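2 protein chains.
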Amino acid sequence: MTTKAERTKQFILETAAPIYNEKGISGVSIDDILEATQLTKGCIYGHFKGKDDLSEQVVEYSLNNMTAKINAVVSQETTARAKINAFIDFYKNPIATYISGGCPIFNTAVEVDDNFPEIKKKVAAKFITGQQGLSTILQQGIENGEFSSELNPARFAFKMFSAIEGGIIICRTIDSAQPMFELVNDLKKELDQYCV
Amino acid sequence: MTTKAERTKQFILETAAPIYNEKGISGVSIDDILEATQLTKGCIYGHFKGKDDLSEQVVEYSLNNMTAKINAVVSQETTARAKINAFIDFYKNPIATYISGGCPIFNTAVEVDDNFPEIKKKVAAKFITGQQGLSTILQQGIENGEFSSELNPARFAFKMFSAIEGGIIICRTIDSAQPMFELVNDLKKELDQYCV
DNA sequence: AATAAAATATACCATTTAGTATATTTGCAT
DNA sequence: ATGCAAATATACTAAATGGTATATTTTATT
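In the order they appear, the protein sequences are chains A and B.
Heads up: the first sequence is residues 1 to 196, going by the UniProt record's numbering.
Heads up: the second sequence is residues 1 to 196, going by the UniProt record's numbering.
Next comes the structure, spelled out in structure tokens:
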């Protein structure tokens, strides 16, 4: 059974997550969170040591939430090809993103790069496990005969992930989803070339 | 002849640019700029209306500086192929970037997405002209027989640019340039396929 | 060299922000 | 149902931040 405090903390994390994703860590104030949650300082500071702690936990929540969602979508599929397509499709709409404000993994990566070493480590870990996950799927696709051994799993995974994340950012900035749809098709076609 | 004020303003922009690129607009305080420039508030506010104005002009300076540098590098080459390679190579080192802190176009894009509509417009314009520039180079490459007409200039340009920018961010976060070097090679190889 | 205008420095103010001490309310085991 | 501990609210403080009014210095023209 969940205690009241656990539920409140969860509620804070859930409510703060999109705000952090939109405004960025430096752009969020405690008052923003108070207003959104309709809670008070005493309550927030009862659950978090301070703003740094709050930021760290909110970002961690967003990262975990995002990767869990991706894993859920991908693991529903059975073939390697279908898994990769599911991954690509998960990201295909750059405007209406899973969590408002774009991909939290990337948004966070850009911001913490030079200034938040602790959070940076967490994002880096997500990149590495994500990259490994995609590589493994592609590798298994080669092993079970879906893909030709010409395919380099790690390199294709990196290129695909980079292009998708970069594409999202460009599309969100120019307010057009069209290039992303084309990109998604191109990436699928590129993988087609390795289908035996 | 440049006046003292013009030189001071230029100095402020130059000095502030990497700070903004590293910390982000929301992460920079006026005091950061005062400390870096060793100037005083009276001086800063003599040149800029306020923090918003300063931010806007610094970002604009960084964007223009970046695109001018890219243009310089690309326009030195004569063939379409060499121009594209020059573009790719310009971005190939994600750790030691032209301006400290990564690509200012992308860093800015991520931050202003939801909160700074005026600056967002400027970044969007850079994306669009950049995309057009690359497309035009590829198109001319087709026309002069360097590339096959199978190549879709706009789509290849978008994929390439997205992958490069996404790759930079991932590499900077995981503190490794290796995947970027591989990506750069893969992109060049991909373009090779269209060489006649 | 003198001077007006432009540029820069100094000293201050108001607001926002993070954080804390303490009071009050609420949850929950007995 | 009651009492205690946990959770939340209130009221306050200190520091940081953006901004301004005014004084001083510097630049450049005559």
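Virtual Cβ for every residue (Gly too), placed ideally from N, Cα, C.
Computed from a prediction, not measured in an experiment: that's the story for all the values here.
- Using DSSP bridges, identify the partner residues of residue 147 of chain B. Residue mapping note: residue 147 of chain B aligns to position 147 of the second sequence, counting from 1. DSSP, once it has assigned bridges, lists B:195 as partnering residue 147 of chain B.
- Item | Cut-off 7 angstroms between Cβ atoms - residues of its own chain near residue 79 of chain B, not counting five sequence neighbours on either side | By 1-based counting over the second sequence, the position of residue 79 of chain B is 79. Once the five neighbours on either side are set aside, the close Cβ partners of residue 79 of chain B are 146.
- Message: Among the candidates A:131, A:176, A:136 and A:196, whose CA atom is the shortest distance from the CA of residue 158 of chain B?
- Response: For the purposes of this step, residue 158 of chain B is taken as the residue at position 158 of the second sequence. The closest CA to that of residue 158 of chain B, considering only A:131, A:176, A:136 and A:196, is found on A:176.
- Please confirm if the segment 114-126 of chain B is in contact with the segment 89-100 of chain B, defined as three or more CB-CB distances below 8 angstroms between the two stretches. Cβ pair count under 8 angstroms is below three, so no.
- Query: Nearest-angstrom Cα distance between residue 151 of chain B and residue 164 of chain B?
  - Reply: Residue mapping note: residue 151 of chain B aligns to position 151 of the second sequence, counting from 1. Residue mapping note: residue 164 of chain B aligns to position 164 of the second sequence, counting from 1. About 19 angstroms.
- Residue range of the unbroken alpha helix (DSSP H) whose run includes residue 111 of chain B: In the second sequence, counting from the first residue as 1, residue 111 of chain B sits at position 111. Element bounds for residue 111 of chain B: 104-112.
- Message: DSSP three-state label for residue 98 of chain A, please.
- Response: In the first sequence, residue 98 of chain A corresponds to position 98, counting from 1. Here residue 98 of chain A sits in coil by DSSP.
- Message: Rounded to the nearest angstrom, what separates residue 46 of chain A and residue 38 of chain A at their Cα positions?
- Response: To locate residue 46 of chain A, count along the first sequence from 1; it is residue 46. To locate residue 38 of chain A, count along the first sequence from 1; it is residue 38. Their Cα atoms are separated by approximately 15 angstroms.
- Item | residue 160 of chain A versus residue 187 of chain A: straight-line alpha-carbon distance, rounded | If you number the first sequence from 1, residue 160 of chain A lands on position 160. If you number the first sequence from 1, residue 187 of chain A lands on position 187. One C-alpha to the other measures close to 7 angstroms.
- Query: Is residue 179 of chain A close to chain B, meaning its C-beta is less than 8 angstroms from at least one C-beta of that chain?
  - Reply: The count along the first sequence starts at 1 and reaches residue 179 of chain A at position 179. Cβ-Cβ to chain B under 8 angstroms: yes for residue 179 of chain A.
- Query: Of the residues that make up the segment 164-179 of chain B, which ones have a beta carbon closer than 8 angstroms to any beta carbon in chain A?
  - Reply: 164, 165, 166, 167, 169, 170, 172, 173, 174, 175 and 179
- Task: State the DSSP-derived secondary structure class of residue 199 of chain A, mapped to helix, strand or coil.
- Result: What is shown of chain A runs 1 to 196, which leaves residue 199 of chain A out entirely.
- Cβ pair residue 99 of chain B, residue 62 of chain B closer than 8 angstroms: On the second sequence, residue 99 of chain B is found 99 positions in, with the first residue counted as 1. On the second sequence, residue 62 of chain B is found 62 positions in, with the first residue counted as 1. A contact, by the Cβ cut-off of 8 angstroms.
- Item | Candidates B:195, B:172 and B:69, of which the one nearest residue 22 of chain B by Cα | Position 22 of the second sequence, counted from the first residue, corresponds to residue 22 of chain B. Of B:195, B:172 and B:69, the residue nearest in Cα terms is B:172.
- Task: Taking 8 angstroms as the cut-off, decide whether the C-beta atoms of residue 19 of chain A and residue 30 of chain A are in contact.
- Result: Position 19 of the first sequence, counted from the first residue, corresponds to residue 19 of chain A. Position 30 of the first sequence, counted from the first residue, corresponds to residue 30 of chain A. Taking 8 angstroms as the Cβ cut-off, residue 19 of chain A and residue 30 of chain A do not qualify as a contacting pair.
- Span of the alpha helix (DSSP H) around residue 91 of chain A: One-based indexing of the first sequence puts residue 91 of chain A at position 91. Run containing residue 91 of chain A: none; DSSP gives neither H nor E here.
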